[in-house]
Amino acid sequence: MNIMNDIKKILVPFDVSAASEQALKFALGFITKDDAPEIVIVHSSNAIEDNTLVTTLKEKISVIKDEFPYVSKSKVELVLRHEVLIDTIINEQKEYGVDLVIMGTKGSIAKDEGHITNTAELVLEANCPVLVVPEQTKGFEVHKIALVLGKEEIDDPSVLSVLLEVARRFKAQVHVLTIVNEDGTYGYSVADEKNENTIAYYLEKFYSHHTFRENQDVEQGIFDYVRDQKIDMVAILPSNHSKQQQPSEGRLTKLLTLHTKVPLLTLD
Numbered sequence: 001m002n003i004m005n006d007i008k009k010i011l012v013p014f015d016v017s018a019a020s021e022q023a024l025k026f027a028l029g030f031i032t033k034d035d036a037p038e039i040v041i042v043h044s045s046n047a048i049e050d051n052t053l054v055t056t057l058k059e060k061i062s063v064i065k066d067e068f069p070y071v072s073k074s075k076v077e078l079v080l081r082h083e084v085l086i087d088t089i090i091n092e093q094k095e096y097g098v099d100l101v102i103m104g105t106k107g108s109i110a111k112d113e114g115h116i117t118n119t120a121e122l123v124l125e126a127n128c129p130v131l132v133v134p135e136q137t138k139g140f141e142v143h144k145i146a147l148v149l150g151k152e153e154i155d156d157p158s159v160l161s162v163l164l165e166v167a168r169r170f171k172a173q174v175h176v177l178t179i180v181n182e183d184g185t186y187g188y189s190v191a192d193e194k195n196e197n198t199i200a201y202y203l204e205k206f207y208s209h210h211t212f213r214e215n216q217d218v219e220q221g222i223f224d225y226v227r228d229q230k231i232d233m234v235a236i237l238p239s240n241h242s243k244q245q246q247p248s249e250g251r252l253t254k255l256l257t258l259h260t261k262v263p264l265l266t267l268d
């Protein structure tokens with residue numbers, strides 16, 4: 001059975017940095033004996049006519065590919081572009097019909113909400129799932145995924161199909177986490193009940209349970225849960241592109257992207 005039928009094409013921005021190498025390794029790890037999603041590696045630079053640069057890119061990619069036994073089953077393509085990185089990624093995602101973007105990040109310790117990295121900008125701009133891989137990610141085993149939900153009804157349940165495919169690929173259990181930061185919002189609401197049914201339907205046997213935790217600082221509450229439960233990946237449903245509800249500014253999405261120490265999957 002093809003267990004990755006919703007992730008047929010993955011795009012990876014690559015600049016030979018340690019962070020981009022981690023992202024590429026994570027992408028190549030999706031190739032198994034049963035499934036071979038196409039990998040599109042994108043490099044954006046003003047010096048793409050430089051033969052030395054192109055040779056360096058190809059050599060580095062070749063070395064990384066050699067670490068993965070099933071990579072020959074897939075098409076791995078290097079695309080060189082002049083455009084600004086974020087514009088390039090978004091344009092290529094649309095042109096190639098990419099199902100998932102995997103991008104590395106060094107992260108940031110800055111608390112200034114005005115601070116933004118390329119990765120955070122991409123997550124806010126892209127209208128597709130993005131998997132953010134921190135540079136310090138150790139290994140590529142994912143046993144537990146925490147799906148963060150608010151108190152609102154899920155805007156577009158179909159995006160959960162990508163989470164299902166990721167959970168299947170890693171045989172991971174999905175915990176659902178709601179951080180309660182307002183009085184009077186604790187416990188199951190009508191929206192919670194609907195979300196519960198939606199999640200059980202989309203995630204099948206990979207759905208584990210729903211946890212409510214109190215914390216005035218939602219970001220810290222999420223990271224505390226990650227630490228306490230030894231979570232390997234966090235998944236969120238960004239609301240800055242909401243269609244059924246009032247779109248947000250994406251503050252939590254940006255903060256999680258900047259500060260996460262485990263891979264972060266944004267389902268958009």
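Going by full-length UniProt numbering, 172 is the number at position 172 of the sequence shown; the sequence numbering is gapless.
Even for Gly, the Cβ is constructed at its ideal location relative to N, Cα and C.
Everything numeric in this text was worked out from a predicted model, so none of it was measured.
Item: The beta strand (DSSP E) enclosing E77, as first and last residue numbers; Value: 76 to 81
Item: Cα-Cα separation between E249 and S239, rounded to whole angstroms; Value: 8 Å
Item: Assigned exposure category for R227 - 16 Cβ within 10 Å defines buried; Value: exposed
Item: Best match in D217, T117, K230 for proximity to A19 [C-alpha to C-alpha]; Value: T117
Item: Alpha-carbon to alpha-carbon, L160 and V130; Value: 13 Å
Item: Under 8 Å between C-beta atoms of F223 and V180; Value: no
Item: One or two residues paired with F212 in a DSSP bridge; Value: T178
Item: Cβ distance (whole Å) where F14 is taken to contact L24 below 8 Å; Value: 6 Å
Item: Alpha-carbon spacing of E21 relative to E152, whole angstroms; Value: 37 Å
Item: Whole-Å CB distance - V176 paired with P263, under 8 Å assumed; Value: With a Cβ gap of about 17 Å, V176 and P263 do not count as contacting.
Item: Cutoff 7 Å; reference C128; Cβ partners in own chain excluding five residues on either side; Value: Q93, V98, V101, D268
Item: Extent of the continuous beta strand (DSSP E) run through G104; Value: 100 to 105
Item: Best match in H210, Q136, V84 for proximity to A232 [C-alpha to C-alpha]; Value: Note on residue identity: the sequence assigns Asp, not Ala, to residue 232. Answer by Cα proximity: Q136.
Item: L149 beta carbon less than 8 Å from that of T178; Value: yes
Item: Assigned secondary structure, S44 (DSSP; H/G/I helix, E/B strand, else coil); Value: strand
Item: Burial state of N195, where buried means 16 or more other Cβ atoms lie within 10 Å; Value: buried
Item: Per-residue burial, E165 [other beta carbons within 10 Å of its own, 16 or more giving buried]; Value: buried
Item: K254, buried or exposed, once every other Cβ within 10 Å from all chains shown has been counted against 16; Value: buried
Item: Reference T266; option with closest CA among E49, I145, A191; Value: I145
Item: Rounded distance between the beta-carbons of D155 and L237, thought under 8 Å; Value: 7 Å
Item: Local conformation of L265 per DSSP, three classes; Value: strand
Item: N- and C-terminal bounds of the alpha helix (DSSP H) containing A19; Value: 18 to 28
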